[in-house]
Every structure is written in C-alpha cells, then in structure tokens.
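A quick write-up on the structure given underneath.
Protein chains: 2
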Amino acid sequence: MNTNENATRRKRKGETTKSKLTAIAMDLFQRKGFAAVGLNELCSAGDLPKGSIYYHFPKGKNDIAIAVVEQAKQEIGEGIRQAGAASDSLDSFIAALVQGFAQNLVQSDYEKGCPVSTLALELSAQEAEIGAAISACYAHWQSLAADRFVAFGMDEQKANDLAQFSFCALEGALILARTQKSLHPLDRVQHHLSNYLK
Amino acid sequence: MNTNENATRRKRKGETTKSKLTAIAMDLFQRKGFAAVGLNELCSAGDLPKGSIYYHFPKGKNDIAIAVVEQAKQEIGEGIRQAGAASDSLDSFIAALVQGFAQNLVQSDYEKGCPVSTLALELSAQEAEIGAAISACYAHWQSLAADRFVAFGMDEQKANDLAQFSFCALEGALILARTQKSLHPLDRVQHHLSNYLK
DNA sequence: ATTTTTATGACGACTGGTCTATATAAAATA
DNA sequence: TATTTTATATAGACCAGTCGTCATAAAAAT
Numbered sequence: 001m002n003t004n005e006n007a008t009r010r011k012r013k014g015e016t017t018k019s020k021l022t023a024i025a026m027d028l029f030q031r032k033g034f035a036a037v038g039l040n041e042l043c044s045a046g047d048l049p050k051g052s053i054y055y056h057f058p059k060g061k062n063d064i065a066i067a068v069v070e071q072a073k074q075e076i077g078e079g080i081r082q083a084g085a086a087s088d089s090l091d092s093f094i095a096a097l098v099q100g101f102a103q104n105l106v107q108s109d110y111e112k113g114c115p116v117s118t119l120a121l122e123l124s125a126q127e128a129e130i131g132a133a134i135s136a137c138y139a140h141w142q143s144l145a146a147d148r149f150v151a152f153g154m155d156e157q158k159a160n161d162l163a164q165f166s167f168c169a170l171e172g173a174l175i176l177a178r179t180q181k182s183l184h185p186l187d188r189v190q191h192h193l194s195n196y197l198k
Numbered sequence: 001m002n003t004n005e006n007a008t009r010r011k012r013k014g015e016t017t018k019s020k021l022t023a024i025a026m027d028l029f030q031r032k033g034f035a036a037v038g039l040n041e042l043c044s045a046g047d048l049p050k051g052s053i054y055y056h057f058p059k060g061k062n063d064i065a066i067a068v069v070e071q072a073k074q075e076i077g078e079g080i081r082q083a084g085a086a087s088d089s090l091d092s093f094i095a096a097l098v099q100g101f102a103q104n105l106v107q108s109d110y111e112k113g114c115p116v117s118t119l120a121l122e123l124s125a126q127e128a129e130i131g132a133a134i135s136a137c138y139a140h141w142q143s144l145a146a147d148r149f150v151a152f153g154m155d156e157q158k159a160n161d162l163a164q165f166s167f168c169a170l171e172g173a174l175i176l177a178r179t180q181k182s183l184h185p186l187d188r189v190q191h192h193l194s195n196y197l198k
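If you're matching them up, the sequences are chains P and H in order. Per full-length UniProt numbering, the very first residue in the first sequence carries number 1; after that it's consecutive. Per full-length UniProt numbering, the very first residue in the second sequence carries number 1; after that it's consecutive.
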C-alpha cells in the first residue's frame with residue numbers, strides 16, 4: 001500500500017515532468033519554430049535540468065517534436081470532438097472550430113496558430129519519422145471533422161473531401177492571421193466554408 | 001567605353017553573386033526552414049566564400065530572409081500575372097495557378113511548396129521587419145489575383161474577399177501536399193475553388 | 001544491504017552568426 | 001602613364017551557444 005502510493009506518486013511526478021516539457025516545447029515551437037528553440041531554452045523555460053531531457057526523450061530533440069505532434073493530435077482532436085458535440089448544425093460546428101483557434105491567436109498575441117504546421121514545414125521533408133507522425137495527425141483531425149459532417153447528413157465520400165478542403169482553408173487562414181495579426185482571414189474563411197459546405 | 005564595359009560587368013557580377021545567394025537561400029529555407037540553414041551551408045551550396053555574405057547583406061541573416069521574401073514576391077507575382085494572361089476564364093486561371101505549384105512540388109520531391117510560409121511561421125512573430133515584408137508579399141499576391149477576378153467580371157469587393165479565401169485554401173493545400181507527398185489536396189482545392197468562385 | 005530505477009548537471013566537440021582586417025579590382029586624379 | 005582613392009570582395013578569428021554523453025546522485029524496490 002505504502003509502496004503502491006509511492007510508486008504512483010513517483011510515476012506521476014515523472015509523467016508531469018515529461019508532459020510539462022512537451023507543453024513548453026509545443027508553445028515555443030509554435031512561436032519560433034523547431035530549429036530556433038534550443039534545448040537550454042526549453043529547460044530553463046520550465047525550470048528543468050538539462051539532463052532530464054535525455055532521460056525522458058532518449059533520442060533527443062526529434063523525440064520531443066514527435067511528442068508535441070502526438071499531444072497536439074490529442075488536444076486538438078478533443079477540441080474538434082467537443083465542438084461537434086456542442087453544435088447542432090454544420091454552421092455552428094464550423095463556427096465553434098474557428099472560435100477555438102481565434103482564441104489561441106488572440107491570447108498569444110498572434111504568435112500561436114497551428115502547433116503542427118511549423119514542424120510540418122521544417123521537418124516533414126528531413127525527418128521521415130516526424131513526417132509520418134504529422135501526416136497521421138492531420139489525417140486524424142480530418143477524419144474527426146468528416147465524422148461530424150456525416151452526422152449532419154453528408155454522405156461519407158463527400159464528407160472526407162470537404163473535411164480536407166476545410167482543413168486547407170483553415171490552415172491557410174491561420175498563417176495569414178498570424179502575419180496580419182488579425183482575425184479577419186479566419187472570419188472570412190468561416191463565412192465561406194459555411195456558405196460552401198452544403 | 002572599355003571602362004564602361006568593365007564597370008557594368010563588375011556590377012553585374014556583384015548582382016549575380018547576390019541573387020545567386022538569394023536563390024540558394026530561397027531553395028534551402030523552403031526545404032529546411034530558416035533557422036536550420038546555417039550560413040556555412042548557404043555558402044558552400046553556392047561555392048561562395050563566407051565573408052561575402054556580410055558584404056552583400058550587411059545586416060546578416062535577417063537581410064537574406066528579406067531578400068528571399070522580396071524575390072518570391074516578384075517571382076510568384078509574375079507567375080500569377082502570367083497565369084492570368086494565359087487564361088480566358090476563372091476556372092482556367094485557377095487551374096494555371098495550381099499547376100505552377102504542383103510542378104514545384106513534384107520537381108522538388110515535395111520539399112518545396114510556398115517559399116514564404118516557412119519564414120512566416122518562424123519569423124513573423126520574432127522579427128518585425130521580416131513580418132512586414134511577408135505581410136506585404138501576401139497582400140501583393142492577393143491583389144494580383146483579385147485583379148484577375150475583376151477582369152472576369154467580379155465586383156471588386158467580392159474579388160478581394162475571394163482572393164483571400166483562395167489564398168488560404170491554396171496555402172493550406174501546399175502544406176498538406178508536402179506532408180502527404182501527394183498532389184491530391186491541391187487537386188481537390190482547385191476543384192472546390194472552381195466550384196465556389198462564381 | 002543490494003540492486004534497479006529515476007534523475008541530474010558538468011563537460012566536450014562542434015557549429016552558429018558576426019565582425020574586423022585585408023586583398024583585389026576599378027575609377028579617378030595628376 | 002603612375003598614383004591615389006574608391007568600390008568590391010574575401011579570409012579567418014571570435015565567442016556564444018548548440019546538442020548529446022556520461023559519471024554520478026537520489027530514490028525505490030527487492
């Protein structure tokens with residue numbers, strides 16, 4: 001019992017250290033990119049000793065990128081699910097999705113859009129393993145959205161096709177919104193997607 | 001006369017060195033990102049001595065990024081203009097645009113999409129001057145596209161709005177195409193934009 | 001008490017961007 | 001033509017910072 005308690009506490013501590021690191025990495029990678037963030041910066045940002053990294057991520061920096069992608073896959077996947085559950089129409093679903101990203105943009109002073117796209121552009125061509133993780137992540141999100149589209153009466157093939165199209169438009173809007181420091185592109189994309197997805 | 005010739009040759013040589021550097025930087029930044037490409041790599045890729053960089057780009061690496069953005073602004077701007085001139089309908093205009101990017105993707109084994117987006121994500125939040133250049137670049141492209149839309153009978157406000165929407169969809173499609181190493185997202189975006197832009 | 005797991009930070013080999021000092025070529029002047 | 005002045009180009013030193021390793025410490029389990 002005593003041993004059990006300690007075991008779980010220890011394990012939990014280790015887990016929080018690891019997930020704390022991923023959270024910080026997700027934040028910094030988004031703002032500055034993968035290559036521009038050093039391990040030292042990562043550690044000091046979380047008051048963690050440097051050696052910890054190679055305990056939790058034996059393969060080094062690339063391992064962190066993968067963990068970030070997995071984490072984003074889950075988090076945003078959950079966001080999509082919640083947006084779907086809270087919506088009773090296609091329009092409100094799209095609105096809810098856009099709303100989530102808009103909030104992140106504003107709260108981060110337009111430094112944080114999609115946590116994966118920076119990694120995608122920097123690494124997908126260079127690091128096959130990370131590229132695969134990103135590809136899977138994007139596919140997951142699209143599939144979740146498509147599920148919702150189907151729930152609103154769309155046939156499956158069309159749903160997948162339009163989920164991909166919506167994904168592209170959103171992803172592009174996030175880049176533009178960041179460079180312009182404005183929600184306007186996001187708003188317009190929401191409007192046009194609402195119009196088009198029928 | 002002799003002196004004149006030498007003067008222009010010298011100047012031209014300097015210009016080619018500089019533009020050679022920008023071209024190489026544009027290529028490498030696209031594939032690996034800004035921070036991941038070192039000045040050493042840039043030089044050796046073009047058989048240029050390292051010291052030259054700070055003659056042509058006194059403010060250092062950031063200056064190179066700005067030159068790349070300006071160059072991309074012109075080159076792709078020209079591409080948009082040509083696509084417009086060669087098209088007699090909205091559909092063929094969009095097809096021509098997509099075609100250009102598709103070619104780049106395939107020829108680079110899906111390593112080169114938009115030469116600016118990587119810089120946008122890495123730097124727009126960190127380096128104000130580069131951010132401004134990127135913002136202007138994007139605005140320029142959208143305005144060129146909107147001009148074409150107007151030429152095909154669209155009213156101006158709608159043209160600007162839809163040019164932005166198209167830009168977002170395309171930009172997103174380029175990211176997805178790179179991660180999937182497939183032209184499919186680009187094809188679908190072309191199809192849906194053709195459908196929607198009326 | 002001994003072994004296993006978890007955690008740590010100093011260290012090294014190396015690369016990063018930047019800058020100053022120097023060399024080469026062209027123009028200008030005498 | 002000879003010589004000075006200017007523009008263009010290059011080389012290499014510099015230090016801060018990079019990632020990754022490893023010998024060890026602390027904690028837990030046996």
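Glycine residues also receive a C-beta, built at the ideal position from the N, C-alpha and C atoms. Every value quoted in this text rests on a predicted model; they were computed, and no experiment measured them.
Could you check the C-alpha separation between Ala159 of chain P and Cys168 of chain P for me, to the nearest Å? Taking the first residue of the first sequence as 1, we reach residue 159 of chain P at position 159. Taking the first residue of the first sequence as 1, we reach residue 168 of chain P at position 168. Computed Cα separation, rounded: 14 Å.
Excluding five sequence neighbours on each side, which residues of the same chain lie with their C-beta closer than 6 Å to the C-beta of Ala133 of chain H? Looking up residue 133 of chain H in the second sequence gives position 133. Around Ala133 of chain H: Ile66, Val69.
In chain order, which continuous runs of the alpha helix (DSSP H) of length 4 or greater are located wholly inside the region 134 to 191 of chain H? 156 to 180
Delimiting residues of the alpha helix (DSSP H) encompassing Gly84 of chain H: Position 84 of the second sequence, counting from 1, holds the residue named residue 84 of chain H. 61 to 85 is the extent of the alpha helix (DSSP H) around Gly84 of chain H.
Could you name the residues of chain P that Gly131 of chain H contacts, counting a contact when the two beta carbons are closer than 8 Å? One-based indexing of the second sequence puts residue 131 of chain H at position 131. Chain P residues near Gly131 of chain H: Thr179.
Quick one: does Val189 of chain P have its CB under 7 Å from some CB of chain H? For this step, residue 189 of chain P is matched to residue 189 along the first sequence. Yes, its Cβ sits closer than 7 Å to a Cβ of chain H.
Say whether chain P places a C-beta atom closer than 7 Å to the C-beta of Gln164 of chain H. For this step, residue 164 of chain H is matched to residue 164 along the second sequence. Closer than 7 Å: yes.
For Ala36 of chain P, would you say it is in contact with chain H, using Cβ-to-Cβ distances shorter than 7 Å as the test? What you label residue 36 of chain P is simply residue 36 of the first sequence in a count that begins at 1. Interface residue, yes.
Got a sec? Which residues, its chain only, sit under 7 Å from Asp187 of chain P by beta carbon, not counting five neighbours each side? By 1-based counting over the first sequence, the position of residue 187 of chain P is 187. There are no such residues.
Could you compute how far the alpha carbon of Val98 of chain P sits from the alpha carbon of Phe29 of chain P? The sequence position of residue 98 of chain P within the first sequence is 98, counting from 1. The sequence position of residue 29 of chain P within the first sequence is 29, counting from 1. If I take the Cα positions, the gap works out to 22 Å.
Given 8 Å, three or more beta-carbon pairs between the region 109 to 123 of chain P and the region 22 to 42 of chain P: yes
Residues of chain P with CB closer than 7 Å to the CB of Glu75 of chain H, please, in chain order. The residue given as residue 75 of chain H occupies position 75 in the second sequence. Here the premise fails: no neighbours, minimum Cβ distance about 19 Å.
Using a Cβ-Cβ cutoff of less than 7 Å, which residues in the same chain neighbour Val150 of chain H once the five nearest sequence positions on both sides are dropped? Here residue 150 of chain H corresponds to residue number 150 of the second sequence, with the count starting at 1. Counting only Cβ-Cβ distances below 7 Å, and skipping sequence neighbours, we find Glu156, Ala159.
Proximal residues of chain P, C-beta to C-beta of Pro115 of chain H below 7 Å: Against the second sequence, residue 115 of chain H aligns to sequence position 115. Chain P residues near Pro115 of chain H: none, gap ~11 Å exceeds 7 Å.
Give the secondary structure of Lys198 of chain P by DSSP, where H, G and I count as helix, E and B as strand, and everything else as coil. The residue labelled residue 198 of chain P in the question sits at position 198 within the first sequence. Coil, per DSSP.
Buried/exposed call for Gly172 of chain H, threshold 16 Cβ in 10 Å: For the purposes of this step, residue 172 of chain H is identified with residue 172 of the second sequence, where counting begins at 1. So Gly172 of chain H counts as buried.
Could you tell me the boundaries of the alpha helix (DSSP H) in which Ala96 of chain H lies? Counting from 1 along the second sequence, the entry for residue 96 of chain H is found at position 96. Unbroken alpha helix (DSSP H) run through Ala96 of chain H: 90 to 107.
Cβ closer than 8 Å: which chain H residues qualify as neighbours of Asp27 of chain P? One-based indexing of the first sequence puts residue 27 of chain P at position 27. Within chain H, no residue comes near Asp27 of chain P; the closest Cβ sits about 12 Å away, beyond 8 Å.
Cβ-based neighbour list, Asn104 of chain P, same chain, cut-off 8 Å, excluding 5 preceding and 5 following: As a working note, residue 104 of chain P is residue 104 in the first sequence. These residues qualify, in order along the chain: Lys112, Gly113.
Just the chain P side, please: which residues come within less than 8 Å of Leu176 of chain H by C-beta, in chain order? Locating residue 176 of chain H in the second sequence gives position 176, counting from the first residue. By Cβ distance, chain P contributes Tyr138, Gln164, Phe167, Cys168, Glu171.
Using the beta-carbon of each residue, which ones in chain H are nearer than 9 Å to Pro185 of chain P? Position 185 of the first sequence, counting from 1, holds the residue named residue 185 of chain P. Per Cβ cutoff of 9 Å: Gln164, Phe165, Phe167, Cys168.
Residues of chain P with a CB under 8 Å from the CB of Ser135 of chain H: which are they? Residue mapping note: residue 135 of chain H aligns to position 135 of the second sequence, counting from 1. Near Ser135 of chain H (Cβ distances below 8 Å), the residues of chain P are Thr179, Gln180.
What is the DSSP secondary structure of Lys112 of chain P, reduced to helix, strand or coil? The residue given as residue 112 of chain P occupies position 112 in the first sequence. Looking at Lys112 of chain P - three-state DSSP - the assignment turns out to be coil, as it is neither helix nor strand.
Please list, in chain order, all residues of the same chain as Thr118 of chain H whose beta carbon is under 8 Å from its beta carbon, the five residues on each side excluded. In the second sequence, counting from the first residue as 1, residue 118 of chain H sits at position 118. Here the set comprises Phe29, Gln30, Gly33, Phe34.
Going along chain H in order, which residues have a C-beta closer than 7 Å to the C-beta of Lys32 of chain P? Taking the first sequence and counting its residues from 1, one reaches residue 32 of chain P at position 32. Per Cβ cutoff of 7 Å: Glu122, Gln126.
Pick from P:Gln180, P:Phe57, P:Asn195 that is closest to Leu123 of chain H, judged by C-alpha positions: Against the second sequence, residue 123 of chain H aligns to sequence position 123. When only C-alpha atoms are compared, the closest one is P:Gln180.
Should the region 76 to 87 of chain H be called in touch with the region 16 to 26 of chain H, which here means at least 3 C-beta pairs below 8 Å? no
Does the Cβ-Cβ distance between Leu193 of chain P and Phe152 of chain P come in under 7 Å? Locating residue 193 of chain P in the first sequence gives position 193, where the first residue counts as 1. Locating residue 152 of chain P in the first sequence gives position 152, where the first residue counts as 1. No, the pair does not count as a contact, with Cβ atoms beyond the cut-off.
For a cutoff of 7 Å on Cβ pairs, would you count Glu111 of chain P as touching chain H? By 1-based counting over the first sequence, the position of residue 111 of chain P is 111. By this cut-off, Glu111 of chain P is an interface position.
Give me the chain H residues within the contact set of Asp63 of chain P, using Cβ-Cβ distance strictly less than 7 Å, ordered along the chain. Counted from its first residue, the first sequence places residue 63 of chain P at position 63. The contacting residues do not exist; Asp63 of chain P stays about 17 Å from chain H at best.
Length of the line joining the Cα atoms of Asp161 of chain H and Gln142 of chain H: To locate residue 161 of chain H, count along the second sequence from 1; it is residue 161. To locate residue 142 of chain H, count along the second sequence from 1; it is residue 142. When rounded, the distance between both Cα atoms is 9 Å.
Host alpha helix (DSSP H) of Gly51 of chain H (start-end): Within the second sequence, numbered from 1, the residue matching residue 51 of chain H stands at position 51. Taken as a continuous stretch (DSSP letters only), the alpha helix (DSSP H) holding Gly51 of chain H covers 50 to 56.
Roughly how many angstroms lie between the CA atoms of Lys20 of chain P and Glu129 of chain H, to the nearest whole one? Taking the first residue of the first sequence as 1, we reach residue 20 of chain P at position 20. Taking the first residue of the second sequence as 1, we reach residue 129 of chain H at position 129. Using only the alpha carbons, I get a separation of about 33 Å.
Of the residues that make up the region 68 to 98 of chain H, which ones have a beta carbon closer than 8 Å to any beta carbon in chain P? none
Classify Ser166 of chain P as buried or exposed, calling it buried when 16 or more other Cβ atoms lie within 10 Å of its own Cβ. Walking along the first sequence from the start, residue 166 of chain P turns up at place 166. Ser166 of chain P is buried by the Cβ-count criterion.
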